[in-house]
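A.B. asks: Mapping of the sequence shown onto UniProt numbering: position 77 corresponds to residue 77, and the numbering continues sequentially without gaps.
Ideal Cβ placement from N, Cα and C applies to all residues, glycine included.
Predicted model only: the values in this text are computed from it and were never measured.
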Amino acid sequence: MRARLIAAGLTTAALLVVGLVPVRADSGPEERKQLVDRRLAVAQAELQESSRRLAAATAAYTAAEAQLPAARAALAAVEGQL
Numbered sequence: 001m002r003a004r005l006i007a008a009g010l011t012t013a014a015l016l017v018v019g020l021v022p023v024r025a026d027s028g029p030e031e032r033k034q035l036v037d038r039r040l041a042v043a044q045a046e047l048q049e050s051s052r053r054l055a056a057a058t059a060a061y062t063a064a065e066a067q068l069p070a071a072r073a074a075l076a077a078v079e080g081q082l
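1) How far does the alpha helix (DSSP H) with S51 in it extend, from its first residue to its last?
2) Does the Cβ of V63 have 16 or more other Cβ atoms within 10 Å, making it buried, or fewer, making it exposed?
3) What do you get for A43, buried or exposed, if any count of 16 or more other CB atoms within 10 angstroms of its CB means buried?
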């Protein structure tokens, strides 16, 4: 669930970045389209990289979470010896 919310936020951020960069007023329609297309391609690449990082972080979190029961049991055993 968290991953989906973060990914949605990244998508929104990427689209905002594309829309925030002004297009020159004296450029023609084709030039503006090419400029927006380039900006969109950059934003999509950044989004893919962010998604890759998010997937790696989610996998690391899940792996760490899976180790918690064993760590808690080991801690309880050590505390029992004190």
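C.D. replies: By the coordinates alone:
1) Counting along the chain, S51 sits inside the alpha helix (DSSP H) bounded by residues P29 to Q81.
2) Here the sequence assigns Ala to residue 63, which means Val is not the residue at that position. With fewer than 16 other beta carbons inside 10 angstroms of its own, A63 counts as exposed.
3) A43 is classed as buried because its beta carbon has at least 16 other beta carbons within 10 Å across all chains shown.
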